[in-house]
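S.K.: A single structure is presented below for examination.
Numbering (our numbering), first residue to last: 1 to 261.
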């Protein structure tokens, strides 16, 4: 379908001024949704970086030739996704892009760092505990025997994105708290000469508990993605069992599906 007008060009800041927004006014897709999709694409592709300002709704509506309610609805949809934030006295600001992580044997820290997401880590627990039955079975340990429990809160651009709970066999790795807050667990394993070879992983979803919601800056009952993983080294030995939860509003998994011959 042909577009009914020239692409509207925004000029509210150095990054936004370089973007063209092509709005198809004859399309059945609502204009607010078209604008939201194009803004989201610009954020995900890095054309709009964290901290960039979009300007106020009045300026945007004039520059884009849209009504103020249309612009407000587009912005609100991205605020709800956690991509934009309204700051009093500042305006509408880009927060960060939603984390999209491929399903492969890699660490969250490495994936976030490679994507320019500025990961930081807070160590919540780092202690030796009796192995719960499921953990003992996954790590081939005696039930109730010692296992290292590591709990961390992972943030990107200062906002919480995941709660990570990992169990490791005792004596496998020195888990220095300061180093855990500056790098990823798998990177520490590689540095210690542990070669990760494969993993069994299950992805699911559930509602956030009150404790999880408090740590992840979500409402109790908010949707969380879950992941359980047992990782093995090149000798077939299980070296890590992880059970992680991720904010569904900020995080997704990417799958590549192949047709079996």
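Idealized CB from N, CA, C, for every residue including glycine. Remember, it's a predicted structure, so these values are computed and weren't measured experimentally.
(1) What are the boundary residues of the beta strand (DSSP E) that includes residue 197?
(2) Quick one: Cα of residue 190 to Cα of residue 196, how far?
(3) Can the beta-carbon of residue 167 be found closer than 8 Å to that of residue 149?
(4) Determine which residues share a DSSP beta bridge with residue 212 and list them.
(5) Following the continuous beta strand (DSSP E) through residue 162, name the residue where it begins and the one where it ends.
(6) Is residue 20 helix, strand or coil when you go by DSSP?
(7) What's the gap between the Cα of residue 90 and the Cα of residue 79?
(8) Should residue 242 be labelled buried (16 or more other beta-carbon atoms within 10 Å of its own) or exposed?
(9) Is it the case that the Cβ atoms of residue 122 and residue 181 are separated by a distance below 8 Å?
(10) Answer yes or no: do residue 70 and residue 32 have a C-beta to C-beta separation smaller than 8 Å?
(11) Leaving aside the five residues before and after residue 141 along the sequence, list all residues of the same chain whose C-beta is less than 7 Å from its C-beta, in chain order.
M.R.: According to the structure data:
(1) 196 to 207
(2) 8 Å
(3) yes
(4) In the DSSP output, where bridge partners are listed per residue, residue 212 has none listed.
(5) 159 to 168
(6) strand
(7) 15 Å
(8) buried
(9) yes
(10) yes
(11) 131, 147, 169
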